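A quick write-up on the structure given underneath.
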Amino acid sequence: MTPAAVVLHMESGSCPSGVNRSKIDQFMVEHDLQNVITNPSRLIIGPDGTRQMQSDTYIASAQAWNGRGYECYFCHKVFDKLVHLNQHLASPKHTKPLQKLYRCPNLACQTETVTLSAICQHIESGGCGVNRFKKVNHAMEAFVTGMNRLRL
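Residue numbering for the sequence shown follows the working numbering, beginning at 11 and increasing consecutively.
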């Protein structure tokens, strides 16, 4: 299984481990200290040096019920269960362009994405040649090792 496939599974919020997109993003912010794939312009650095993401978290309540189902207040899609609406809200579907946390390590490429799985797919595809860099291959290997340790 490729790193992108593993991450996509975890980002979905349905992984039995409890890992979700938010936990992955926080893990990457805390561990990609050289900003190989995280975009430093999307991070807030605290006075003690801690790194945090600039992000909005949306969580629906029972008030999202419209008589037929739970309605997304952004796109008006209706879900049969509140948990499904919250999975939708936790997905990258309604993420703002300024929240693109990940970037291609090949700075000449200028690809930015909202999700780690998308940047992994970009790297795996090799379209811009970034997968030829030793630093990138090392980071991807370290990432896979780190993901194996990422549990609740």
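Beta carbons are placed, not taken as given, at the ideal position from N, Cα and C, and that holds for glycine.
Note that the structure is predicted; figures quoted are calculated from it, not measured.
On the criterion of 16 or more Cβ atoms from any shown chain inside 10 Å, does residue i qualify as buried, or is it exposed?
i      : result
LEU111 : buried
ALA70  : buried
CYS114 : buried
PRO13  : buried
GLU21  : buried
ALA100 : buried
ALA128 : buried
GLY23  : buried
Within the same chain, show all residues whose beta-carbon is closer than 8 Å to that of residue i, passing over the 5 residues directly before and after it, in chain order.
i      : result
HIS98  : CYS82, LYS87 and PHE89
VAL124 : PRO102, THR105, GLN109, LYS110, LEU111 and TYR112
In terms of residues, what are the limits of the alpha helix (DSSP H) holding residue i?
i      : result
TYR97  : For the sequence presented, residue 97 should be read as Gln rather than Tyr. Run containing GLN97: 92-100, per the alpha helix (DSSP H) assignment.
ARG142 : That residue, ARG142, is in no alpha helix (DSSP H); it is neither H nor E in DSSP.
ILE104 : Inspection of the sequence shows that residue 104 is occupied by His rather than by Ile. Here HIS104 belongs to no alpha helix (DSSP H), and DSSP marks it neither H nor E.
VAL39  : 31-41
HIS86  : That residue, HIS86, is in no alpha helix (DSSP H); it is neither H nor E in DSSP.
VAL16  : 13-21
Apart from the five residues on each side of it in sequence, which residues of its chain come closer than 6 Å, Cβ to Cβ, to residue i?
i      : result
GLY79  : VAL88, PHE89 and ASP90
ASP42  : THR48
ASN141 : ILE133
To which residues of the same chain is residue i closer than 7 Å at the C-beta, ignoring the five residues directly before and after it?
i      : result
ILE34  : VAL17, MET20, GLU21 and LEU126
LEU174 : One cannot answer for residue 174 here, as it falls past the ends of the chain, which runs 11 to 162.
Please check the pair residue i and residue j, which I expect to be a contact at CB under 8 Å, by giving their CB distance rounded to whole angstroms.
i      : j      : result
ALA74  : LEU92  : 7 Å
CYS130 : ASN116 : Contact doesn't hold; Cβ gap of about 14 Å is too wide.
VAL29  : ALA149 : Actually they do not touch by this definition, with Cβ atoms about 19 Å apart.
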